[in-house]
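In the working numbering, the protein residues as written are 1 to 391.
A short worksheet on the structure shown next.
In structure tokens form, the structure reads like this:
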């Protein structure tokens with residue numbers, strides 16, 4: 001493993017220039033999270049009680065999660081670093097000059113720095129935006145990234161939804177962009193939610209743009225369980241810290257920490273790990289009675305086999321144009337583009353019956369993907385014709 005976090009030879013030694021941090025938060029973020037707490041404890045359908053996963057990522061939670069990423073049992077970070085160290089140059093080649101590189105849930109930046117170093121070596125002028133929830137953590141982590149000649153680093157303070165709204169601004173829509181979600185964060189959504197999440201971001205992509213998604217496909221139940229239930233207890237401390245955050249939002253000590261414990265469980269049938277907070281005795285919070293031992297889910301981490309990942313892409317209306325994996329093939333970074341290139345509804349295409357140049361570029365790019373990546377060289381003379389006729 002390389003010297004992650006240390007200034008690279010590609011970077012300028014000076015760190016005098018402080019990256020800018022743009023506050024893109026909505027005014028209702030705290031209110032909405034409080035409402036999610038109450039709604040999760042009182043599910044309308046009488047189903048399982050939940051707490052919002054976002055509770056885990058306050059300032060203390062982000063610091064605890066950073067500790068988790070250095071634990072030997074938490075294999076995801078090490079596997080993703082290995083993929084980036086091996087394939088950063090190839091990934092950088094696919095990011096156009098002048099692009100915005102927006103990382104959703106950026107964390108401590110030691111992984112993305114590998115890609116930023118590769119982009120710097122390529123001489124491409126790129127603007128990197130680290131999106132995260134806490135300004136102090138953005139300031140700290142961005143200060144540790146060296147100053148580059150070609151790569152300009154910035155921070156975005158807000159949630160995923162805030163980031164999506166910011167990317168929809170007209171001045172950003174027209175710029176080439178790569179939107180990154182690493183660390184298998186896509187697994188924190190249910191499979192249906194993950195498809196919806198990808199569809200939202202894919203909808204703002206142009207012909208030159210892409211999504212790059214880290215996906216964990218580990219199918220070893222014990223390995224997965226240990227990753228989220230480490231021997232040092234850091235992950236359980238991380239989970240319990242979410243209750244402290246909930247208390248601050250609710251304005252009083254609704255959750256007495258000594259009355260709760262963090263519990264993890266791997267559900268092999270659904271292919272996910274679940275994190276719960278569990279009361280040690282019968283307890284009432286916000287008028288909701290909970291029995292001793294009742295599991296309140298606060299986080300889930302879905303794993304994706306190769307077929308499940310392909311099904312996710314289909315559900316999200318995106319197509320995989322490239323993938324880079326670890327040696328075992330169970331952790332990969334996937335580069336995705338929207339499937340639809342031209343308008344398909346009469347009310348959409350009637351006003352502009354002739355496709356734009358950008359739309360033609362997207363069509364050509366997709367056909368290049370078919371001929372250069374999906375078809376063996378020896379079949380190039382006849383296979384594309386068969387594919388066309390089959391359509």
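The beta carbon of each residue, even a glycine, is placed where N, CA and C say it ideally should be.
Treat the numbers as computed from the prediction; the structure is a model and nothing was measured.
* Are the beta-carbon atoms of residue 214 and residue 184 separated by less than 8 Å? -> If you number the chain shown from 1, residue 214 lands on position 214. If you number the chain shown from 1, residue 184 lands on position 184. Contact flag set, yes.
Next item on the list: Look at the Cβ atom of residue 180, then the Cβ atom of residue 134, and state whether they are nearer than 8 Å.
Entry: Here residue 180 refers to the residue found at position 180 of the chain shown. Here residue 134 refers to the residue found at position 134 of the chain shown. Taking 8 Å as the Cβ cut-off, residue 180 and residue 134 do not qualify as a contacting pair.
> Relative to the alpha-carbon of residue 63, which residue among 271, 123, 277 and 234 has its alpha-carbon at the smallest distance?
Replying inline: Counted from its first residue, the chain shown places residue 63 at position 63. Nearest of 271, 123, 277 and 234 to residue 63, Cα basis: 234.
Legend entry - Sheet register partners of residue 332 (DSSP bridge): In the chain shown, residue 332 corresponds to position 332, counting from 1. Paired residues: 215 and 325.
Identify, in the order they occur along the chain, each residue of the same chain with its Cβ nearer than 7 Å to the Cβ of residue 19, setting aside the five sequence neighbours on each side. Stepping through the chain shown from its first residue, residue 19 is reached at position 19. Counting only Cβ-Cβ distances below 7 Å, and skipping sequence neighbours, we find 142, 153, 154 and 155.
Mind pulling the alpha helix (DSSP H) runs of 4 or more residues that sit fully within the segment 196-255?
221-228 and 234-250
In this structure, does DSSP put residue 75 in helix, strand or coil?
-> The sequence position of residue 75 within the chain shown is 75, counting from 1. Annotated three-state conformation of residue 75 is helix, per DSSP.
**Asked** Assuming residue 335 contacts residue 320 under a Cβ cut-off of 8 Å, what Cβ separation, rounded to an integer in Å, is found between them?
**Response** Here residue 335 refers to the residue found at position 335 when the chain shown is read from its first residue. Here residue 320 refers to the residue found at position 320 when the chain shown is read from its first residue. Contact check for residue 335 and residue 320: beta-carbon distance about 7 Å, within the 8 Å limit, so the pair qualifies.
Review point. In or out: residue 230 buried (at least 16 other Cβ within 10 Å) or exposed?
Key: Reading the chain shown from its first residue, position 230 is the one you call residue 230. By the neighbour-count rule (16 or more Cβ atoms within 10 Å), residue 230 is buried.
| query | What do you get for residue 169, buried or exposed, if any count of 16 or more other CB atoms within 10 angstroms of its CB means buried? | reply | For the purposes of this step, residue 169 is taken as residue 169 along the chain shown, with counting starting at 1. Residue 169 is exposed by the Cβ-count criterion.
**Study point:** Coil, strand or helix - residue 31 by DSSP
**Key:** Counted from its first residue, the chain shown places residue 31 at position 31. Residue 31 falls in the helix class under three-state DSSP.
Does the segment 103-114 come into contact with the segment 27-40, if we say contact requires no fewer than three beta-carbon pairs (one atom in each stretch) closer than 8 Å?
no
**Asked** Do you know how far the Cα of residue 23 is from the Cα of residue 114?
**Response** As a first step, residue 114 is located in the chain shown; it is residue number 114 there, counting from the start. As a first step, residue 23 is located in the chain shown; it is residue number 23 there, counting from the start. Their Cα atoms are separated by approximately 26 Å.
Note down the Cα distance separating residue 242 from residue 221, rounded to an integer number of angstroms.
Here residue 242 refers to the residue found at position 242 of the chain shown. Here residue 221 refers to the residue found at position 221 of the chain shown. In this structure, the straight-line span from the alpha carbon of residue 242 to that of residue 221 is close to 25 Å.
**Asked** Helix, strand or coil: which one does DSSP assign to residue 83?
**Response** One-based indexing of the chain shown puts residue 83 at position 83. Helix, per DSSP.
(Q) Tell me which residue opens and which closes the beta strand (DSSP E) that residue 300 is part of. (A) Here residue 300 refers to the residue found at position 300 of the chain shown. Boundaries of the beta strand (DSSP E) harbouring residue 300: 296-302, taken from the DSSP string.
| task | Please state if the CB of residue 278 and the CB of residue 263 are separated by a distance shorter than 8 Å. | result | Taking the first residue of the chain shown as position 1, residue 263 is located at position 263. Taking the first residue of the chain shown as position 1, residue 278 is located at position 278. Yes. Within cutoff.
_Buried versus exposed call for residue 80 [16 or more other C-beta atoms within 10 Å across all chains shown]_ = Taking the first residue of the chain shown as position 1, residue 80 is located at position 80. Answer is buried; the Cβ neighbour count reaches 16.
**Q.** Residue closest to residue 90, alpha-carbon to alpha-carbon, out of 122, 224 and 60
**A.** Along the chain shown, read from residue 1 onward, the residue named residue 90 stands at position 90. If we check each option's Cα against that of residue 90, 122 comes out closest.
Range of the contiguous alpha helix (DSSP H) that encloses residue 65:
Taking the chain shown and counting its residues from 1, one reaches residue 65 at position 65. Taken as a continuous stretch (DSSP letters only), the alpha helix (DSSP H) holding residue 65 covers 59-69.
Using only the alpha-carbon positions, how far apart do residue 299 and residue 276 sit?
Within the chain shown, residue 299 is the residue found at index 299, counting from 1. Within the chain shown, residue 276 is the residue found at index 276, counting from 1. Roughly 7 Å separates the two Cα atoms.
- Task: Using only alpha-carbon positions, find the residue among 269, 271 and 239 that is nearest to residue 257.
- Result: The residue you call residue 257 lines up with position 257 of the chain shown. Ranking the options by Cα distance to residue 257, first place goes to 239.
**Uninterrupted alpha helix (DSSP H) stretches inside the segment 85-154 (no shorter than 4 residues)** = 112-122 and 135-143
Discussion item. Considering only the alpha carbon of each residue, which of 136, 97 and 248 lies closest to residue 158?
Written reply: Mapped onto the chain shown, residue 158 falls at position 158. If we check each option's Cα against that of residue 158, 136 comes out closest.
- Query: Cα separation between residue 190 and residue 302?
  - Reply: One-based indexing of the chain shown puts residue 190 at position 190. One-based indexing of the chain shown puts residue 302 at position 302. Spanning the two alpha carbons is a distance of roughly 7 Å.
Neighbourhood of residue 224 by C-beta, 6 Å cutoff - its chain only, sequence neighbours within 5 removed:
Numbered from 1 along the chain shown, position 224 holds the residue referred to as residue 224. Counting only Cβ-Cβ distances below 6 Å, and skipping sequence neighbours, we find 218, 266 and 273.
From which residue to which residue does the alpha helix (DSSP H) around residue 180 run? Counting from 1 along the chain shown, the entry for residue 180 is found at position 180. Unbroken run through residue 180 is the beta strand (DSSP E), 177-181; no alpha helix (DSSP H).
Q) If you draw a straight line from the C-alpha of residue 58 to the C-alpha of residue 315, how long is it? A) Translated into positions along the chain shown, residue 58 becomes position 58. Translated into positions along the chain shown, residue 315 becomes position 315. Rounded to whole angstroms, residue 58 to residue 315 spans 32 Å at the Cα level.
Three-state secondary structure (DSSP) of residue 285: Residue numbering aside, residue 285 sits at position 285 when the chain shown is read from its first letter. Strand.
Am I right that residue 99 and residue 176 are in contact with their C-beta atoms under 8 Å? What's the rounded C-beta distance?
Counting from 1 along the chain shown, the entry for residue 99 is found at position 99. Counting from 1 along the chain shown, the entry for residue 176 is found at position 176. For residue 99 against residue 176, the beta-carbon gap comes to about 4 Å, under 8 Å, which counts as contact.
Tell me the rounded alpha-carbon separation between residue 30 and residue 39.
Numbered from 1 along the chain shown, position 30 holds the residue referred to as residue 30. Numbered from 1 along the chain shown, position 39 holds the residue referred to as residue 39. Taking the straight line joining both Cα atoms gives about 14 Å.
Are residue 280 and residue 259 closer than 8 Å when you measure CB to CB? What you label residue 280 is simply residue 280 of the chain shown in a count that begins at 1. What you label residue 259 is simply residue 259 of the chain shown in a count that begins at 1. Their beta carbons are under 8 Å apart, which means residue 280 touches residue 259 by this criterion.
Quick one: is the Cβ of residue 147 within less than 7 Å of any heavy atom of the ligand SAM? The ligand SAM is not part of this structure, which contains no ligands at all.
* Asked: Nearest to residue 68 by alpha carbon, out of 94, 228, 118 and 248?
  -> The residue you call residue 68 lines up with position 68 of the chain shown. Of 94, 228, 118 and 248, the residue nearest in Cα terms is 228.
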